[in-house]
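J.: Chains as they are written, first to last, in my numbering: chain U, 83 to 400; chain W, 83 to 400.
I have a structure I would like to understand better, so I am pasting it below and will then ask my questions one at a time.
There are 2 protein chains.
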Amino acid sequence: MLDVALLGTGGMMPLPNRFLTSLICRLNGRLLVIDSGESTQVSMKLLGWGFKDIDAICFTHFHADHISGLPGLLLSIGNSCREEPLLLVGPPGLGEVVRCLRVIAPELPYPVEIMELPYKKGLIHEEVRAGGFLIGACPLDHRMPCFGYRVVLKRAGKFDVEKARANGVPLKVWSRLQKTGAAECDGAAYTADMVMGPPRKPLKLAYCTDTRPVPWLPGFVRGSDLFVCEGMYGDDSFLENAADKMHMVFGEAAKIARDGEVNELWLTHFSPAMPDPGNFIDFARRIFKNSRTGYDRMQKTLRFEDEEEEEAALESVD
Amino acid sequence: MLDVALLGTGGMMPLPNRFLTSLICRLNGRLLVIDSGESTQVSMKLLGWGFKDIDAICFTHFHADHISGLPGLLLSIGNSCREEPLLLVGPPGLGEVVRCLRVIAPELPYPVEIMELPYKKGLIHEEVRAGGFLIGACPLDHRMPCFGYRVVLKRAGKFDVEKARANGVPLKVWSRLQKTGAAECDGAAYTADMVMGPPRKPLKLAYCTDTRPVPWLPGFVRGSDLFVCEGMYGDDSFLENAADKMHMVFGEAAKIARDGEVNELWLTHFSPAMPDPGNFIDFARRIFKNSRTGYDRMQKTLRFEDEEEEEAALESVD
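If you want it as structure tokens, here you go:
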């Protein structure tokens, strides 16, 4: 399972009740942050997941509202007694931007590692390892190189009792094989493929901001359990304005959600001129029904389709 | 009169209910800000004095908690349709720090001007013009070059009826002379010195953070109507810790207030480890009675001693 929370949902400038757009997710106690604008660390304090266990911070791009909080966040991570390296991921130029911003955070008690992902129209980074997370990155279309990200939790196949019996695997190593992938019993070695069915649908979280619609975006977000997407403006009548600023209206985000057959859409990155985004949700829902407007610290735990039943079943095998 | 507000009162990191230490003051509709850490602009939104009319931002030093909010603030000032130059004042190196931080705020619709003040032990900058404000700067003793600031409103002498009569100034130019400094009547020229007494006590606001006590500090803050001073820790038992980190305890700030014969002390820049600074106010009050612990957006309007009576009297002369 993957815990997800929006740390902020605003674009351009932090507002008293709407911090800048950022997301955090938690997997097995480790954290991954996407974007870190001014005040993101305040929202993290309110959320209470801590600073110490951040494996990586991924940056979509280098507009201030997505990275201005980095120096303060690096220092706060430092104050959490962290010593492990911290990975920063982003478009080309990230190293130089971080070097500049660290003029006010030169000394940290842990190393900072930089991973710049090549940026090219249509070039999707399918699988990138970021600490305990398997992420993907997708080039977007904004006023500067910009990436959308996804976090993927792969899932092994289901335990196949018939297969296990057909392969003559003793009952007492079933559970161990499923958990560890290999086991020995009475001098014979057994492997997971002797008991497991084919891999199942992974868990998938996608996050896209800031961008105009691009043709490869539905493919990138396809089948996501949760798709967090920018909607700078709600009303379709702001389409021209959105296009001019290289952003989207709710309806455009909803089309990507629909075409990508995601399970749920959360809109974010709202213009400061739109104090109540919920007023415009129908512009999204008429295209993709399961749309919601995000708010700061909106949370959800994503689970595999039959995760709870399987855990219960596994307990009974033990 | 001078309106004063604390934008934040925290040290090290912004907290949900305590933003980073910063002050704003307003004089004749113009604004001056001292320090701008992460989230300072959020507090400015809550205060509601606007962004457009800032004449200058003075920086005490370049630790992140005092300047990390600059890129975002510069952009928000830009979004207020400002075109006039903005002055940034601070210790040597300010230009380079600003240049680095502007990697994420390269384009602004107004020019940014830099004023680096020479920093030398005991060297006080008595009078520096910062837009509509007359400021002074005092070297402090921190882990890097750091300035305390004061804002001074000079005040002309009182209208002296006896003197006006003795100089044969006609009654009908009295008010004009006081307001504009010169007047003509029936072909004769009159000047302010013919009707005004000697200059009176100025209005004075002093602000000192981050520092250990220095011998010239009471002189710098002498006679302030309001002295805003760091008190990283409340309890005297934290003195060693404070000294180690080049900060002060409440009692040390109170000694400066007492020795400088200020009118009122507001403590600020509290450690994140001190959630309720008010619990420790007696450590200051036993040394300087008129001490208060600051809180975000604590406000006061400083007025000249008999400002209101004088305004009323002047109206009656008109």
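Every residue gets a Cβ at the ideal spot worked out from N, C-alpha and C, and that includes glycine.
Nearest by alpha-carbon distance to glycine 263 of chain W: which of W:Ala270, W:Met276, W:Gly269 and W:Pro252 is it?
T.: Your numbering for residue 263 of chain W matches position 181 in the second sequence. Glycine 263 of chain W has its Cα closest to that of W:Met276, out of W:Ala270, W:Met276, W:Gly269 and W:Pro252.
J.: Using a Cβ-Cβ cut-off of 7 Å (strictly less than) and excluding sequence neighbours within five positions of leucine 287 of chain U, which residues of its own chain qualify?
T.: As a working note, residue 287 of chain U is residue 205 in the first sequence. Around leucine 287 of chain U: Leu84, Val86, Cys107, Arg232, Val233, Ser306, Asp307, Leu308 and Leu384.
J.: Chain W beta carbons: is any one of them nearer than 9 Å to that of histidine 145 of chain U?
T.: Here the question's residue 145 of chain U lines up with position 63 in the first sequence. Output row for histidine 145 of chain U: interface = yes.
J.: Give me, in chain order, the residues of the same chain whose beta-carbon lies closer than 6 Å to that of methionine 226 of chain U; leave out the 5 immediate sequence neighbours on both sides.
T.: The residue given as residue 226 of chain U occupies position 144 in the first sequence. Taken in chain order, the residues that qualify are His143.
J.: Could you list which residues in chain U have their beta carbon closer than 8 Å to that of glutamine 123 of chain W, in chain order?
T.: Taking the second sequence and counting its residues from 1, one reaches residue 123 of chain W at position 41. Neighbours of glutamine 123 of chain W on chain U, chain order: Met95, Pro96 and Glu120.
J.: Might you give, ordered along the chain, the residues of its own chain that have their beta carbon closer than 6 Å to the beta carbon of lysine 134 of chain W, omitting 5 neighbours on each side?
T.: The residue you call residue 134 of chain W lines up with position 52 of the second sequence. Contacts found: Ser162 and Arg164.
J.: Whose C-beta lies closer than 8 Å to the C-beta of valine 331 of chain W among residues of the same chain, with five residues either side of it excluded?
T.: By 1-based counting over the second sequence, the position of residue 331 of chain W is 249. Cβ within range, chain order: Gly313, Met314, Tyr315, Gly316, Asp317, Asp318, Phe320, Leu321, Ala324 and Phe365.
J.: Check the Cβ of serine 150 of chain U against every Cβ in chain W and list those closer than 7 Å, keeping chain order.
T.: Residue mapping note: residue 150 of chain U aligns to position 68 of the first sequence, counting from 1. Chain W residues near serine 150 of chain U: Pro153, Gly154 and Ile186.
J.: Would you please verify whether the beta carbon of leucine 422 of chain W is less than 9 Å from any beta carbon of chain U?
T.: Past the boundaries of the shown model lies residue 422 of chain W; chain W is included only from 83 to 400, so the question cannot be answered.
J.: Under the assumption that glycine 130 of chain U contacts leucine 102 of chain U (Cβ atoms under 8 Å), give the Cβ distance between them as a whole number of angstroms.
T.: Sequence index remark: in the first sequence, residue 130 of chain U carries index 48 (1-based). Sequence index remark: in the first sequence, residue 102 of chain U carries index 20 (1-based). Glycine 130 of chain U to leucine 102 of chain U, Cβ: 19 Å. No contact.
J.: From this set, U:Arg184, U:Gly239, U:Leu169 and U:Leu190, which residue's C-alpha is nearest phenylalanine 386 of chain U's C-alpha?
T.: For the purposes of this step, residue 386 of chain U is taken as residue 304 along the first sequence, with counting starting at 1. Out of U:Arg184, U:Gly239, U:Leu169 and U:Leu190, U:Gly239 has the C-alpha closest to the C-alpha of phenylalanine 386 of chain U.
J.: Using a Cβ distance threshold of 8 Å, determine whether the segment 111-127 of chain U contacts the segment 200-209 of chain U, with at least three qualifying pairs required.
T.: They do not touch, by the three-pair rule.
J.: Return helix, strand or coil for isoleucine 106 of chain U, following the three-state DSSP convention.
T.: By one-based count along the first sequence, residue 106 of chain U stands at place 24. Residue state, collapsed to three classes: strand.
J.: If I follow the unbroken alpha helix (DSSP H) through alanine 248 of chain W, where does it start and stop?
T.: Start at 1 with the first residue of the second sequence, and residue 248 of chain W comes out as number 166. Segment 243-248, the alpha helix (DSSP H) holding alanine 248 of chain W.
J.: Give the single residue among U:Ser257, U:Arg282, U:Pro280 and U:Pro281 whose Cα lies nearest to the Cα of leucine 272 of chain U.
T.: Taking the first residue of the first sequence as position 1, residue 272 of chain U is located at position 190. It is worth fixing the name first, because residue 272 of chain U is tyrosine in this sequence and not leucine. Among U:Ser257, U:Arg282, U:Pro280 and U:Pro281, the Cα nearest to that of tyrosine 272 of chain U is on U:Ser257.
J.: Contact check, cysteine 267 of chain W vs lysine 254 of chain W under 8 Å by CB: the rounded distance?
T.: For the purposes of this step, residue 267 of chain W is identified with residue 185 of the second sequence, where counting begins at 1. For the purposes of this step, residue 254 of chain W is identified with residue 172 of the second sequence, where counting begins at 1. That belief holds up - the Cβ atoms of cysteine 267 of chain W and lysine 254 of chain W are roughly 7 Å apart, short of 8 Å.
J.: For cysteine 182 of chain W, which residues in chain U fall below 9 Å Cβ to Cβ?
T.: For the purposes of this step, residue 182 of chain W is taken as residue 100 along the second sequence, with counting starting at 1. In chain order: Arg181, Cys182, Leu183, Arg184, Val185 and Ile186.
J.: Apart from the five residues on each side of it in sequence, which residues of its chain come closer than 8 Å, Cβ to Cβ, to threonine 293 of chain W?
T.: As a position in the second sequence, residue 293 of chain W is number 211, starting the count at 1. By the criterion of a C-beta distance shorter than 8 Å, threonine 293 of chain W is surrounded in its chain by Leu222, Asp223, His224, Cys228, Gly230, Leu299, Glu312, Met328, His329 and Met330, once the five residues flanking it on both sides are discounted.
J.: Taking C-beta pairs closer than 8 Å, name the residues in chain W that serine 158 of chain U reaches, listed in chain order.
T.: The residue labelled residue 158 of chain U in the question sits at position 76 within the first sequence. Near serine 158 of chain U (Cβ distances below 8 Å), the residues of chain W are Met95.
J.: Measuring alpha carbon to alpha carbon, tell me which of W:Thr375, W:Leu347 and W:Ile338 ends up nearest methionine 356 of chain W.
T.: Counting from 1 along the second sequence, the entry for residue 356 of chain W is found at position 274. Here the closest residue by C-alpha is W:Thr375.
J.: Mind listing the chain W neighbours of lysine 127 of chain U? Cutoff is C-beta to C-beta under 9 Å, in chain order.
T.: The sequence position of residue 127 of chain U within the first sequence is 45, counting from 1. Those are Met95, Pro96, Leu97 and Pro98, listed as they occur along chain W.
J.: For alanine 274 of chain U, I'd like the list of residues in its chain whose CB is within less than 6 Å of its CB, leaving aside the five on either flank, ordered along the chain.
T.: Your numbering for residue 274 of chain U matches position 192 in the first sequence. Correct list, in chain order: Leu259 and Gly263.
J.: So for glycine 147 of chain W, helix, strand or coil by DSSP?
T.: The residue labelled residue 147 of chain W in the question sits at position 65 within the second sequence. The displayed chain sequence assigns aspartate, not glycine, to residue 147 of chain W. Assigned with DSSP and collapsed to three states, aspartate 147 of chain W falls in helix.
J.: How is tryptophan 256 of chain W classed by DSSP in three states: helix, strand or coil?
T.: The residue labelled residue 256 of chain W in the question sits at position 174 within the second sequence. Tryptophan 256 of chain W falls in the helix class under three-state DSSP.
J.: Chain U partners of asparagine 161 of chain W, CB-CB under 8 Å?
T.: Start at 1 with the first residue of the second sequence, and residue 161 of chain W comes out as number 79. Counting only Cβ-Cβ distances below 8 Å, asparagine 161 of chain W has contacts in chain U at Met94 and Met95, in chain order.
J.: With a CB to CB cut of under 6 Å and the five nearest residues on each side skipped, what residues in its chain are close to alanine 219 of chain W?
T.: On the second sequence, residue 219 of chain W is found 137 positions in, with the first residue counted as 1. Same-chain partners within the cutoff: Leu199, His207, Phe229 and Tyr231.
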